[in-house]
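Shown next, in structure tokens, is the structure this report addresses.
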Amino acid sequence: MNPLNRLRETWRPDQVFDLVQPTPTFDKSLDTKHGPILYVEDVSVSFDGFKALNNLNLYIDDGELRCIIGPNGAGKTTMMDVITGKTKPDSGSVYFGQRINLLKLSEHAIARGGIGRKFQKPTIFEALSVFENLELATASNKHVWYTLNHHLSGEQRDRIDEVLTQIGLTNHYQQEAGALSHGQKQWLEIGMLLVQNPRVLLVDEPVAGMTGEEVEHTAQLLTSLKGRHSVIVVEHDMAFVRSIANKVTVLHQGSVLAEGSMDQVQSDPRVVEVYLGE
Amino acid sequence: MLTQRLLLSDRGGMLVLGLVVLMAIIVPICNLAVPGDSPLHVSNFTVGLLGKFLCFALLALSVDLIWGYAGILSLGHGAFFTLGGYGMGMYLMRQIGDRGVYGHPELMDFMVVLNWQELPWYWQGFDMFWFAMLMVLLVPGLLALAFGWLAFRSRVTGVYFAIITQALTYALMLAFFRNEMGFGGNNGLNDFKEILGFDLAAQATRVGLFIASAIALVLGYLACRYIVTSRAGRVIVSIRDAESRTRFCGYQVESYKLWLFVFSAMLAAVAGALYVPQVGIINPGEFAPLNSIEMVVWVATGGRGTLFGAIVGAFSVNYAKTFFTTYSPETWLFILGGLFVLVTLLLPKGIVGLFDRFRRKGEK
Ligand SMILES: Nc1ncnc2c1ncn2[C@@H]1O[C@H](COP(=O)(O)OP(=O)(O)O)[C@@H](O)[C@H]1O
Ligand SMILES: [Mg+2]
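Chains A and P are the protein sequences, given in the same order. Okay, so the first sequence: first residue is 1 according to full-length UniProt numbering, each after it adds one. Okay, so the second sequence: first residue is 1 according to full-length UniProt numbering, each after it adds one.
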């Protein structure tokens, strides 16, 4: 990088001053004519020489529900980090629709633009009530001065009510989020994505630690999102994956090992080797 | 509805504010109207002391806002307080006119000693009260803006942030100690005569400043309440508890931190500006890193993240300090250190938390 560029990078005003931040006009230019809503091409990420992602290629269709499986350390979480702007890859490109280059945007801009993410470990705002959690996540103007002086509109409240029903927490809306059960926390986090009205949801290990009944409920919730949103689910639980997915991608050592229906994938000898050799 | 939000829903705060208002009414009466030999008389010394405490309480409020709510530990708030104090000090110096020791119509005594011929550019305008007050807000505000911008955008947090704020206040102290800076070197600014035409030596003026400090504290408290009860306030708490979740909800975390930091710095500056005419002096010693640490101890002792806890803490720790420094000055630092350890270990929620615990026990 030459000094001039470095200087420019250091003083990029949009890093801090959201007043001069160009508002992401994602929906207008989001172009999914050709099918995919998300293009991940030849992405590589290395940590201290270790390649967490190695020429990863992944295409997600608009409205699709895709499951991604793979052994621990395969790079599934890292892939989500790259898409959401948390980790910048060493090489490759990530496009949202055909025109929006996600690698140029920061985390909050990507989130505002319609890509929501659920973390592997449930992260909600424990000190706030269920309603306040959703209130914070709700799609609206998120600039400092605006949030200082404005309350939610009626429509936004209606949307929160709708999502509360969807995630089954209507009766808990006043409860402190920290006091919810593990499964309820996971649903609340999914709800926090939904009120942002995202086009793409990235869901990292949603059923880890859930009881059988909760798993079933989560499966219903995720399949009900298909069509309205594109959903990418990372999961270990094979039974769960089988119950929700039509298309499965297997990740291994940072690249795609196999892709197809659950049956196809499970009968693939390379996949069997990876899973049995584990 | 706003009253409900700012006051009624905050019982501890109402109680503490009520006491402040009561004090602001009773103390002036008992000082000015009650004869000196009556047991109800409040001495001039006490008025001055309480006035100082009120300023400290406002300062503590600013520290609690940023530390208690945003989780950003600033160990440099003394810098903003002192800069605010210098702003007021410069106004008061300009009011002296030709009544200085050297009788120069325009230059301060220390400038005459330095053999300066004319007033430096940065002293211009400070003869006007409104301008000086504007600078009291703007200079610390802009410093906080520049400093915060660099720190937050580089994602400096936690201990590292605390350390660089210490460095900031220390650097300012060294700079202000130098005579060539033009702020009176290590003597600082003093020998003030009057404020807005009122004689600073007159007890009525002192009582006026006391009342002004109480009003500033109440207004500052309400402003802080407004912030923390707004949607932005909940974003700030969320940043404290789960920063990356907040980021992925689409909030520009740095921007929230930055504006809160700037507001907090300006609040501290107002406290400094009210403090200086009451104590009659401002010097670089106020920049001392230890002072900034003390402020954090006030907040921790009173109870972090409640706002009114900061006021309680500022009053109780400073009362203790006055007491101990009168009887055995050497021990104060040890007591301060001990207090901090004690509070951290035994009273994580401070004095306020202690009352809460008793109340809950009582209810059971
Ligand atoms: N920040 C990081 N620093 C160093 N190594 C990392 C970092 N993040 C992930 N890794 C490594 O990259 C590999 C892929 O991790 P991850 O994407 O979390 O795997 P998965 O989610 O598929 O289990 C792991 O070996 C992990 O140790
Ligand atoms: Mg993972």
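The C-beta atom is built at its ideal place from N, Cα and C for all residues, glycine as well. None of the values given here were measured: they were computed from a predicted structure.
Test: residue i CB closer than 8 angstroms to a CB of chain P
i	result
R99 (chain A)	no
F125 (chain A)	yes
N132 (chain A)	Just to set this straight, residue 132 (chain A) is Glu in the shown sequence, not Asn. For E132 (chain A), the answer is yes, since a Cβ of chain P falls inside 8 angstroms of its Cβ.
H151 (chain A)	yes
T84 (chain A)	yes
Q196 (chain A)	yes
M192 (chain A)	yes
P22 (chain A)	Because P22 (chain A) sits at a pLDDT of 43, beneath the cut-off of 50, its placement in the model cannot be relied upon, and the following sentence gives the value as read from the coordinates. Judged by the 8 angstroms Cβ criterion, P22 (chain A) is not in contact with chain P.
Neighbour flag for residue i against chain A, beta carbons, 8 angstroms
i	result
G250 (chain P)	yes
R360 (chain P)	no
Y69 (chain P)	no
A232 (chain P)	yes
S238 (chain P)	yes
S255 (chain P)	yes
W332 (chain P)	no
W259 (chain P)	yes
P140 (chain P)	no
Beta bridge counterpart(s) of residue i as assigned by DSSP
i	result
E176 (chain A)	A:S129
A328 (chain P)	First, the residue type needs correcting, since residue 328 (chain P) is Ser and not Ala in the sequence shown. Paired residue(s): none; S328 (chain P) is not in a bridge.
R66 (chain A)	A:I232, A:K247
Y95 (chain A)	A:Y39, A:N101
Y59 (chain A)	A:Y39
I351 (chain P)	Note: I351 (chain P) sits in no beta bridge, so no partner.
K226 (chain A)	A:H229
I72 (chain P)	DSSP, once it has assigned bridges, lists no residue as partnering I72 (chain P).
M311 (chain P)	Correcting the residue identity first, residue 311 (chain P) is Ile in this sequence and not Met. For I311 (chain P), which the question treats as bridged, DSSP gives no partner whatsoever.
I282 (chain P)	P:L189
I195 (chain P)	P:F198
N-terminal and C-terminal residue of the alpha helix (DSSP H) that residue i is part of
i	result
C249 (chain P)	Where C249 (chain P) is concerned, there is no enclosing alpha helix (DSSP H), given that its DSSP letter is neither H nor E.
D263 (chain A)	262 to 267
V200 (chain A)	First-last for V200 (chain A): 200 to 204, but that is the beta strand (DSSP E), not the alpha helix (DSSP H).
G183 (chain A)	182 to 194
T138 (chain A)	Note, T138 (chain A): premise wrong, no alpha helix (DSSP H); not H, not E.
I164 (chain P)	158 to 177
H77 (chain P)	77 to 96
A144 (chain P)	129 to 153
D109 (chain P)	109 to 113
L290 (chain P)	289 to 302
T170 (chain A)	Element bounds for T170 (chain A): n/a, residue is neither H nor E.
L59 (chain P)	44 to 64
Amino acids of chain A, ordered along the chain, whose beta-carbon sits closer than 9 angstroms to that of residue i
i	result
V235 (chain P)	L136, K142, V144, T147
Listed by chain order, chain A residues near residue i by CB distance under 8 angstroms
i	result
I227 (chain P)	L148
Residue i, DSSP secondary structure in three states
i	result
A202 (chain P)	coil
L4 (chain A)	helix
D161 (chain A)	helix
F358 (chain P)	helix
D90 (chain A)	coil
L257 (chain A)	strand
N190 (chain P)	strand
K51 (chain A)	strand
residue 346 (chain A)	The structure shown does not extend to residue 346 (chain A), since chain A spans only 1 to 278, so no value can be given for it.
K28 (chain A)	Note on K28 (chain A): pLDDT 45, under 50, position unreliable in the model; the coordinate value appears next. Of the three classes helix, strand and coil, the one that applies to K28 (chain A) here is helix, per DSSP.
H252 (chain A)	strand
I83 (chain A)	helix
I26 (chain P)	helix
N197 (chain A)	coil
T218 (chain A)	helix
T211 (chain A)	coil
M181 (chain P)	helix
Contacts of residue i in chain A (Cβ-Cβ under 7 angstroms)
i	result
D241 (chain P)	F125, E126, A127
R155 (chain P)	Correct list: empty, because the minimum Cβ distance to chain A is about 10 angstroms.
Y122 (chain P)	Within 7 angstroms Cβ-Cβ: nothing; Y122 (chain P) doesn't reach chain A, min ~26 angstroms.
Within chain P, the residues that residue i reaches when beta carbons sit closer than 7 angstroms
i	result
E107 (chain A)	R247, F248
Per-residue contacts from residue i into chain P (C-beta, under 9 angstroms)
i	result
A111 (chain A)	R247, F248, C249, G250, Y251
Under 9 angstroms by beta carbon: chain C residues contacting residue i
i	result
R157 (chain A)	The structure shown has no chain C; the protein chains it does contain are A and P.
Residue range of the unbroken beta strand (DSSP E) whose run includes residue i
i	result
R117 (chain A)	115 to 118
Interface partners of residue i on chain P, CB under 8 angstroms
i	result
R117 (chain A)	F248
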